[in-house]
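Enquirer: With UniProt numbering, the residue at position 19 of the sequence shown is 19, and numbering never jumps.
Using N, Cα and C, we set each Cβ at its ideal position, and we do this for glycine too.
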Amino acid sequence: MNTREQIRVKQNKMQTSFIKISLLVCLCCDVIILRALADIGTVKAYPSPYLPTRCRGSDENQIPSDGYFAAVSEGLWDNGGACGRKYRIRCISGPSHPCKGEDIVVVVVDHCRGTSCPATMALSIKAFKVLSRFTNVQINVEYMQV
Numbered sequence: 001m002n003t004r005e006q007i008r009v010k011q012n013k014m015q016t017s018f019i020k021i022s023l024l025v026c027l028c029c030d031v032i033i034l035r036a037l038a039d040i041g042t043v044k045a046y047p048s049p050y051l052p053t054r055c056r057g058s059d060e061n062q063i064p065s066d067g068y069f070a071a072v073s074e075g076l077w078d079n080g081g082a083c084g085r086k087y088r089i090r091c092i093s094g095p096s097h098p099c100k101g102e103d104i105v106v107v108v109v110d111h112c113r114g115t116s117c118p119a120t121m122a123l124s125i126k127a128f129k130v131l132s133r134f135t136n137v138q139i140n141v142e143y144m145q146v
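1) Pairs of beta-carbons, one from the stretch 115-123 and one from the stretch 79-86, closer than 8 Å: are there three or more?
2) What distance in whole Å lies between the Cβ atoms of residue 139 and residue 101, which are believed to be in contact at a cut-off of 8 Å?
3) Opposite residue 91 in the DSSP bridges: which residues?
4) Sort 50, 48, 54 and 41 by Cα distance to residue 118 and report the nearest one.
5) If we cut at 8 Å on Cβ distances, does residue 136 have a partner in chain D?
6) Spatial neighbours of residue 33 within its chain, please: CB distance less than 6 Å, with the 5 preceding and 5 following residues excluded, ordered by chain position.
7) Helix or strand or just coil, what does DSSP make of residue 131?
8) Enumerate in chain order the residues of its own chain whose CB-to-CB distance from residue 144 is below 8 Å, with the five nearest sequence positions on each side excluded.
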């Protein structure tokens with residue numbers, strides 16, 4: 001290989017490295033921005049029966065087939081406007097280190113209020129088990145509407 005070809009190979013390697021580093025920086029910025037937009041709240045599990053709900057009564061079709069759904073407290077209820085909204089939720093802490101490190105997307109199907117809802121959201125048992133090793137605790141979460 002002559003000197004000119006060696007220089008071209010080095011330039012190509014440098015350009016490829018620059019592109020990889022730029023993509024990595026963009027990905028990191030996206031993650032940081034998304035985390036900055038998340039809210040902090042608490043989540044509890046709530047057992048069945050799940051019907052009727054405040055959103056669509058006894059309509060079984062409102063319950064997603066994956067079983068990942070939530071009832072939201074007054075702060076998110078929005079006078080019924082929360083029905084059908086989706087939230088991405090990630091456990092960040094709780095008693096006895098409950099977090100599994102997973103996140104989940106749930107759909108709002110109900111309103112929980114008063115003493116029956118001492119958390120920001122109440123998740124179906126199936127959804128809660130994705131986030132926490134225990135179902136009888138209240139966990140701290142990051143959440144954002146998606």
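Expert: Answer, in terms of the structure:
1) no
2) Actually they are not in contact, since the Cβ atoms of residue 101 and residue 139 sit about 12 Å apart, beyond 8 Å.
3) 141
4) In terms of CA proximity to residue 118, 41 leads the group 50, 48, 54 and 41.
5) Here chain D cannot be found, since the structure has a single protein chain.
6) In this prediction, residue 33 scores a pLDDT of 44, lower than 50, which makes its location untrustworthy; the coordinate-derived value is nonetheless stated afterwards. Once the five neighbours on either side are set aside, residue 33 has no close Cβ partner at all.
7) helix
8) 34, 37, 38, 39, 87 and 88
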